[in-house]
Amino acid sequence: MSTEDGLDWHEQRRRAVAAHAAADELRRTVEQAEAAELVTAFVAEARRRGLPPERLVATAHNGRGRYRTRLWGWYVDRARRRAVDVDGRFHLLVVPGGLRARVFGANPQPSPAPLVVGAGGRDGESVPLRTLLTRRLGDTA
Numbered sequence: 078m079s080t081e082d083g084l085d086w087h088e089q090r091r092r093a094v095a096a097h098a099a100a101d102e103l104r105r106t107v108e109q110a111e112a113a114e115l116v117t118a119f120v121a122e123a124r125r126r127g128l129p130p131e132r133l134v135a136t137a138h139n140g141r142g143r144y145r146t147r148l149w150g151w152y153v154d155r156a157r158r159r160a161v162d163v164d165g166r167f168h169l170l171v172v173p174g175g176l177r178a179r180v181f182g183a184n185p186q187p188s189p190a191p192l193v194v195g196a197g198g199r200d201g202e203s204v205p206l207r208t209l210l211t212r213r214l215g216d217t218a
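As structure tokens, this is what we get:
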């Protein structure tokens, strides 16, 4: 193999990796947009049904502490670790915790909603976001 062949191979690999990364980013963007639409529709339906939002509480990573937040919304799972706030943002309500969070409350940041909640988790349990949201609305019907 000549130097020119080696450069060609490396260039082909670089292009293949770049194309794969671009396709993965596009897939992620499309999934996040679809999940955002589901969350927006959930908030609209919850309001239409008169489902009252509640003050959301975060849990420490170790599962031992519970921390107040300034968020209002609806829990979407039974563990009360995932929620949608009244502004239509998805939150994972697991925080580092500590004394500051105990005194001043936790401030969990919104994150892009996944289309499949729990995908890739160690317990192997994953649930489509649509199922969680529909189940949550069904609890009040």
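Just add 77 to wherever you are in the sequence shown, counting from 1, and you've got the working numbering. Even for Gly, the Cβ is constructed at its ideal location relative to N, Cα and C.
Measuring only the C-alpha atoms, how far is residue i from residue j?
| i | j | result |
| --- | --- | --- |
| A156 | R179 | 20 Å |
| A196 | E88 | 34 Å |
| A218 | A98 | Confidence at A218 is low in this model, with a pLDDT of 43, below 50, so its placement is unreliable and the value that follows should be read with caution. Going from the Cα of A218 to the Cα of A98 covers about 43 Å. |
| G142 | R166 | 23 Å |
| V161 | D85 | 49 Å |
| L170 | R213 | 17 Å |
| R207 | H168 | 16 Å |
| V194 | R90 | 33 Å |
| G182 | V153 | 21 Å |
| R126 | G215 | 11 Å |
| T211 | R92 | 42 Å |
With distances taken from CA atoms, which of the options is nearest residue i?
| i | options | result |
| --- | --- | --- |
| L209 | E88, A95 and R158 | R158 |
| D164 | R90, E114 and R91 | E114 |
| Y144 | R125, R92, T211 and L176 | L176 |
Is it buried or exposed, residue i, if we count other Cβ atoms within 10 angstroms and call 16 or more buried?
| i | result |
| --- | --- |
| V94 | exposed |
| S79 | For S79, the predicted model reports a pLDDT of 46, less than 50, meaning its position is unreliable and no value from the coordinates is stated. |
| A251 | Outside the displayed range of the chain (78 to 218) lies residue 251, so it cannot be described from this structure. |
| L133 | buried |
| P185 | buried |
| G174 | buried |
Per DSSP, what are the beta-bridge partners of residue i in this structure?
| i | result |
| --- | --- |
| V194 | V204 |
| D162 | G150 |
| A100 | Bridge partners of A100: none, in fact. |
Contact between the segment 139-151 and the segment 96-108 (3+ Cβ pairs under 8 Å): no
If you pair each beta-carbon of the segment 104-124 with each one of the segment 179-198, do three or more pairs fall below 8 Å? yes
Counting Cβ pairs, one atom from each stretch, are 3 or more of them under 8 Å apart for the segment 136-146 and the segment 109-128? no
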